[in-house]
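K.L.:
Numbering (the numbering used here), first residue to last: 72 to 136.
(1) Measure the Cβ-Cβ separation of residue 92 and residue 131 and say whether it is below 8 Å.
(2) Distance, Cα to Cα, residue 114 vs residue 74?
(3) Indicate whether residue 126 and residue 112 have their beta-carbon atoms separated by less than 8 Å.
(4) Looking only at its chain, what residues have a beta carbon closer than 7 Å to the beta carbon of residue 96, apart from the 5 residues adjacent to it on each side?
(5) Span of the alpha helix (DSSP H) holding residue 91?
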């Protein structure tokens with residue numbers, strides 16, 4: 072796991088409202104690995120609609136989930 076991935080995960084966990092949309096793919100990647108995609112999406116949907124939309128876009132592009 073890269074430092075930037077760790078940073079994105081920490082931001083998502085500690086302050087989801089501060090997660091930058093451009094880092095959403097990192098969070099999605101880790102959520103897939105940990106099997107917590109629906110939980111992450113639920114938090115982001117409420118706390119950060121822009122990052123939530125970016126996660127959905129990443130899913131659509133990559134077919135991640």
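Backbone N, C-alpha and C define an ideal beta-carbon position, used for all residues, glycine too. Every value quoted in this text rests on a predicted model; they were computed, and no experiment measured them.
P.N.:
Reading from the atomic positions:
(1) On the chain shown, position 21 is the one that residue 92 refers to. On the chain shown, position 60 is the one that residue 131 refers to. Cβ distance not < 8 Å, so residue 92 and residue 131 don't count as in contact.
(2) As a working mapping, residue 114 is identified with position 43 in the chain shown. As a working mapping, residue 74 is identified with position 3 in the chain shown. Whole-angstrom Cα-Cα distance: 22 Å.
(3) The residue you call residue 126 lines up with position 55 of the chain shown. The residue you call residue 112 lines up with position 41 of the chain shown. Yes.
(4) The residue you call residue 96 lines up with position 25 of the chain shown. So the qualifying residues of the chain are 129.
(5) For the purposes of this step, residue 91 is taken as the residue at position 20 of the chain shown. Residue 91 -> no alpha helix (DSSP H), and no H or E assigned at all.
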